[in-house]
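K.L.:
Each residue of the sequence shown is one higher than the one before, counting from 581 in my numbering.
Don't be surprised by glycine CBs; every beta carbon is placed ideally from N, CA and C.
Predicted model, so just to flag it, every value in this text is computed and none were measured.
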Amino acid sequence: MDSSPTVAIVGAGPAGLMAAEVLAQAGAAVTVYDAMPSAGRKFLMAGKGGLNITHVEGFESFLSRYGARSHALAGFIHDFSPEILRHWAAELGIATFVGSSGRVFPNEMKAAPLLRAWLHRLRGSGVKFRMRHRWLGWTDQRLRFASPDGEKLIETDALVLALGGASWPQLGSDGAWTQPLAERGVTISPWQPANCGFETGWSDYFRERFAGEPLKSVALTFVGNDGLECRRLGEMMIADYGLEGGLIYTLSAPIRQQIAANAAAVVHLDLLPGLTVEEAGQRAGQARGKMSLSNHLRKRLGLGGVKMALLREVLSAAEINDPHRLAIAAKALPIRLSVARPLAEAISSAGGIDFAELDQGLMLRRLPGVFAAGEMLDWEAPTGGYLLTACLATGRAAGLGAATWLQAR
């Protein structure tokens, strides 16, 4: 080939940037297009509270976090594993450490230094960036973009789409890309919120008094439609509409599925994960002398503040005064969830391009030379580094797939 093949990458998030890196290393002339004014907007926002890039648990356990899509993603994640990801970050000058929960963070805890170093290396390898370019689909075989200078038509030898899902649309992932692909016959699973909060019917008093309060050192138990029981330890937040935060996010997929099947889902909160029912009942039943019931339960069981308010929200006064019934409730307090919060509020989304539409190199079978990666694909995962790892892994795979396809032409 006399000149370098041209590749357009649409989407300047982690998946698109990783595809750009692989293709530039393979000798392609790469241009990255994005509708936003700068690259990695959602990546930067996700890293505001501390960038969690991956997780160090065993591979099989790590892979299980992707649920029904574990098999589809296995090869990509094996080839860009958490260990390889950490080595890749180190080559960018970003040292990482493992937190107590097994989550991996950059030493500086921020996304910006990693992104700056990455963009610098990409530009140094010849990758060009065209920001404020919104992909509109095709005219004949040319790509259509809306730009500050009007509509542009671009010819390219290969195309990698890394346009994200449909959560946080204000940061660029609005799911609008589904229309031009659907028009060409690509099967796309409907969008659904993932890593999202769920609504329940708090009383006005509880909502006004406790919305925004953290619920720490609790366990959440849920029995899914498949009959399997899931139990997770952690913390979450009381929201004015219901529950949100890490603990509920980890189970958002099966909770969402049960709501779809039954119009509601019930989770059980263990407010005293360090005690058995018997131990809790014994402590609650100890003589309290002149202490009020609230002080007695706070001192004997640590049931104060929002935890005690939750019990009062669900139980009658008679049940709270009965040590045995109180202990049973404190160990498995039922909370009925009625609906997931809107997609625009979700951390990530489920749905996207069906894996059956893609070959092993993540090329769309119906559109030779067009590849897809990241949250565009129909998978979901909890927070904890799993989302970013899969985006990077599939971005790498799409880049390699495009490079191999170009070489074979």
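Between which two residues does the alpha helix (DSSP H) carrying G975 extend?
P.N.:
G975 -> alpha helix (DSSP H) spans Y966 to A988.
K.L.:
If Q772 sits next to G629, beta carbons under 8 Å apart, how far is it from one beta carbon to the other, in whole angstroms?
P.N.:
Not confirmed; about 24 Å, so no contact.
K.L.:
Classify M581 as buried or exposed, calling it buried when 16 or more other Cβ atoms lie within 10 Å of its own Cβ.
P.N.:
The predicted position of M581 is uncertain, since its pLDDT is 40 and thus under 50; a value taken from the coordinates is nonetheless stated next. Classification for M581: exposed.
K.L.:
Taking the DSSP output, what are the residues bridged to A845?
P.N.:
Paired residue(s): L917.
K.L.:
I need the DSSP call for I839, collapsed to helix, strand or coil.
P.N.:
I839: helix per DSSP, three-state reduction.
K.L.:
Could you check which residue in A978, P962, W985 and L972 has the C-alpha nearest to that of R683?
P.N.:
Taking only the C-alpha atoms, the option nearest R683 is P962.
K.L.:
Between S650 and the rest of its own chain, which residues show a CB-CB distance below 7 Å, the 5 nearest in sequence each way excluded?
P.N.:
Cβ within range, chain order: L643 and S644.
K.L.:
Nearest to T856 by alpha carbon, out of L761, R812, A833 and A912?
P.N.:
When each option's Cα is compared against that of T856, the closest is A912.
K.L.:
Note the first and the last residue of the continuous alpha helix (DSSP H) segment covering D784.
P.N.:
Start and end: D784 to F790.
K.L.:
With G717 as the anchor, note down where its beta strand (DSSP E) starts and where it stops.
P.N.:
Residues R714 to T719.
K.L.:
Report, in whole angstroms, the separation of the C-beta atoms of G975 and A742, which I expect to be a contact under 8 Å.
P.N.:
At roughly 6 Å, the Cβ-Cβ gap stays under 8 Å, so G975 and A742 are in contact.
K.L.:
If distances are taken between C-alpha atoms only, which option among G964, A982 and T984 comes closest to P1013?
P.N.:
Outside the shown range of the chain, which is 581 to 989, sits residue 1013, and nothing can be said about it.
K.L.:
Beta-carbon within less than 7 Å of L986's beta-carbon, same chain only, minus the 5 sequence neighbours each way: which residues are those?
P.N.:
The answer, listed in chain order, is P585, A608, D737 and A738.
K.L.:
Taking the alpha helix (DSSP H) that Q862 falls in, what are its first and last residues?
P.N.:
Q862 -> alpha helix (DSSP H) spans V857 to A864.
K.L.:
For the structure I just gave you, are there three or more beta carbon pairs, one from the segment 772-788 and one from the segment 815-822, closer than 8 Å?
P.N.:
The segment 772-788, when compared against the segment 815-822, does touch it at the 8 Å Cβ threshold.
K.L.:
Do the CB positions of V610 and A604 come within less than 8 Å of each other?
P.N.:
The answer is yes: Cβ separation under 8 Å.
K.L.:
Which of the three DSSP states, helix, strand or coil, is assigned to L938?
P.N.:
L938: strand per DSSP, three-state reduction.
K.L.:
What does DSSP give as the partner residue(s) for K628 in the beta ladder?
P.N.:
According to DSSP, K628 bridges with nothing at all.
K.L.:
Using a Cβ-Cβ cutoff of less than 6 Å, which residues in the same chain neighbour G885 once the five nearest sequence positions on both sides are dropped?
P.N.:
Closer than 6 Å at the Cβ level, and outside the excluded window around G885, lies no residue.
K.L.:
Considering just the uninterrupted stretch of the beta strand (DSSP E) at K796, what are its terminal residues?
P.N.:
Counting along the chain, the beta strand (DSSP E) containing K796 begins and ends at P794 to V803.
K.L.:
Rounded to whole angstroms, how far is the Cβ of R811 from the Cβ of L827, which I believe are closer than 8 Å?
P.N.:
Not a contact, Cβ separation roughly 11 Å.
K.L.:
Rounded to whole angstroms, how far is the Cβ of P794 from the Cβ of H848, which I believe are closer than 8 Å?
P.N.:
With 8 Å as the limit, P794 and H848 do not qualify as a contact, their Cβ atoms being about 19 Å apart.
K.L.:
What's the gap between the Cα of N687 and the Cα of V678?
P.N.:
Distance between the alpha carbons of N687 and V678 is about 9 Å.
K.L.:
Give the range of the alpha helix (DSSP H) segment to which P693 is assigned.
P.N.:
A692 to G704 is the span of the alpha helix (DSSP H), which, as asked, contains P693.
K.L.:
Closest to E809 by CA distance: which of E815, M816 and T801 is it?
P.N.:
The shortest C-alpha separation from E809 is found at T801.
K.L.:
Using C-beta distances below 7 Å, list every residue in its chain close to D806, excluding the 5 sequence neighbours before and after it, in chain order.
P.N.:
Nothing meets the Cβ criterion.
K.L.:
Rounded to the nearest angstrom, how far is the Cβ of E601 from that of L702, given a contact under 8 Å?
P.N.:
That pair is a contact at about 6 Å.
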